[in-house]
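Protein chains: 2
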Amino acid sequence: MTATSKTLRDEIENGIVTGDFQPGERLDEVQLATRYGVSRTPVREALMQLGAIGLIEIRPRRGAVVAEHGPERVFEMFEVMAELEAMAGALAARRHNEADMASIIAALEQCQNAAASDDTDQYYYENEIFHRAIYSASHSSFLEEQCLALHRRLRPYRRLQLRVRNRMKMSLSEHGGIVEAITAGDAEQARFLLRNHIAVQGDRFGDLISSLKT
Amino acid sequence: MTATSKTLRDEIENGIVTGDFQPGERLDEVQLATRYGVSRTPVREALMQLGAIGLIEIRPRRGAVVAEHGPERVFEMFEVMAELEAMAGALAARRHNEADMASIIAALEQCQNAAASDDTDQYYYENEIFHRAIYSASHSSFLEEQCLALHRRLRPYRRLQLRVRNRMKMSLSEHGGIVEAITAGDAEQARFLLRNHIAVQGDRFGDLISSLKT
DNA sequence: GTCAACCATTTTGTATACAAGATTACAGGC
DNA sequence: GCCTGTAATCTTGTATACAAAATGGTTGAC
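Quick mapping for you: the protein sequence lines, in order, are chains W and C. Counting in the working numbering, the first sequence runs without a single skipped number right up to 214 at its last residue. Counting in the working numbering, the second sequence runs without a single skipped number right up to 214 at its last residue.
Put into structure tokens, the structure is as follows:
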């Protein structure tokens, strides 16, 4: 498993997302180095990148640990994510062109297919493509980057959420309304729907809390 | 000028903000190392951190250059900043306590003092404290971090903006309205005012463009 | 005269060696 | 018996050495 610093970053990130490295766990540089067959230097580079993303926490002279976010912290992250996605949707409603709509609608259909075959993992995948299509349609490359970065950071929690009963079907129907609003150029409606689509509130808040307890 | 990687990061960041390193300029690792009297290792660490922040662009195997953002890119960044600050204001309106309001009002008064003595640099400084007080009053540590990070990234451009004629006085009067809305607990009004306070639009867009041309 | 290929030089990426600070265990005192 | 101080060990941070890739210049051919 010979790796370079970039692949190493992905390896460790994947290890964190899949739970191979658990939240709060200490990431020892020499252990990782021997594990991946490299020296400490690229390991440190990878850890710093993950620290910048926020996946791990690096305390000076005291090593790196996998970030363990408390419920309220995760809630705050979803709160911000909701606002950013809402903004992307509002911009998309105003600025979208034919190509944008084509990819959004194509992604929506793939979501419907996945939901029809009750394939949660597939839906998760297609859902991501759908949201990315909206980011792209905002025609704000910076906003797109911010959304992608935060989305990636929230990926593990999103994944847990989808397992909740009926969430997939509700998500799908919400997608429909969002596409309608964007197509109609109704920026405020798109903003409103996307904010509620992402935000964790009501029952879903409880779902989130309980999923974090595992 | 013996430096460690953290101080080094600040040094280089400062160099970029003050224009010591100009946009598009190539940042040579050995040059920086000799300049600050350290080896290449901490220089690389500092550069990676700056790359993660977005202040510089690191192309694999091809070195680091100071990020040069085109006008539309800077516009997009202000667009997102406006939305995040608006969100912070809305949350602050709903969640603020006495201590929050005390620091917000104190910051507002310091802004007034600076404006009264026509001290642009001082106003710039107090303005930052004012906005930070609002981030803090949102009681969302994650949102606060995001705002601080983006604010820092936009710092050089903000600085240029304030030099525009009368901008300081307009900014100050807008601050007044924002504080009123937050005090009154009017989240939507706070959101609206802050969005417009930050957003670059109309004449100010032209001002920004021309300031980037220098 | 211009274009292309090859070689030299420069520069990034990785490995290893060394220094300094932090953690922990052990011993001595209260 | 418990707490505290000190020392040993372990881990991070930095320096240097080495490898690989990219850039630039020179030379040769068309």
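Even for Gly, the Cβ is constructed at its ideal location relative to N, Cα and C.
| field | Whether G89(W) touches I134(W) by CB criterion (8 Å) | value | Result yes, Cβ atoms of G89(W) and I134(W) sit closer than 8 Å.
| request: Return the first residue and the last residue of the alpha helix (DSSP H) that G177(W) is part of. | output: G177(W) -> alpha helix (DSSP H) spans R167 to A184.
| query | Under a Cβ-count criterion, where at least 16 other Cβ atoms within 10 Å of its own Cβ denotes burial, should E79(C) be classed as buried or exposed? | reply | buried
| query | Any beta-carbon of chain W closer than 8 Å to the one on V65(C)? | reply | no
| task | Note down, in chain order, each residue of its chain lying with its Cβ closer than 8 Å to the Cβ of G24(C), except the 5 sequence neighbours on either side. | result | V65, V66 and E68
| request: Note down, in chain order, every chain C residue with its Cβ under 9 Å from the Cβ of A52(W). | output: Within chain C, the C-beta atoms nearer than 9 Å to that of A52(W) come from M48, Q49, G51, A52 and I53, in chain order.
| request: For the alpha helix (DSSP H) holding R163(C), just list the boundary residues, first then last. | output: Neither: R163(C) is in no alpha helix (DSSP H) and is coded neither H nor E.
| query | Leaving out five residues before and five after Y157(C) in sequence, what residues of the same chain have Cβ atoms less than 6 Å from its Cβ? | reply | V74
| request: Going by CA-CA distance only, name the one from L108(W), T120(W) and R35(W) that's closest to M165(W). | output: In the sequence as displayed, the identity of residue 165(W) is Arg instead of Met. Answer by Cα proximity: T120(W).
| task | Report yes or no: is there a C-beta of chain W within less than 8 Å of the C-beta of L143(C)? | result | yes
| message | What residue range does the beta strand (DSSP E) around E57(W) cover? | response | I56 to R59
| request: Report the option in A46(W), A99(W) and E174(W) whose CA atom is closest to the CA atom of H139(W). | output: A99(W)
| said: Check whether the segment 44–62 of chain C and the segment 5–14 of chain C touch, using three or more Cβ-Cβ pairs below 8 Å as the test. | reply: Remark: three or more beta-carbon pairs, one from each stretch, lie closer than 8 Å, so the segment 44–62 of chain C and the segment 5–14 of chain C are flagged as touching.
| field | Three-state secondary structure assigned by DSSP to G37(C) | value | coil
| Closest to L33(C) by CA distance: which of F21(C), L8(C), R61(C) and S173(C) is it? | First, the amino acid is wrong: residue 33(C) is Ala here, not Leu. A33(C) has its Cα closest to that of L8(C), out of F21(C), L8(C), R61(C) and S173(C).
| request: Give a yes or no on whether the minimum CB-CB distance between E57(C) and chain W is below 8 Å. | output: no
| task | Would you verify that the beta carbon of S146(W) is, or is not, closer than 8 Å to some beta carbon of chain C? | result | Position check: residue 146(W) holds Gln in this sequence, whereas Ser was assumed. Put simply, the CB of Q146(W) is near chain C, with a gap under 8 Å to one of its CB atoms.
| request: Kindly say whether R40(W), judged by its beta-carbon, lies nearer than 8 Å to any beta-carbon of chain C. | output: no
| message | Is the separation between the beta-carbon of A107(C) and that of F130(C) shorter than 8 Å? | response | yes
| field | Chain-ordered neighbours of R73(W) on chain C, where CB pairs are closer than 9 Å | value | Residues of chain C passing the Cβ test: S141 and F142.
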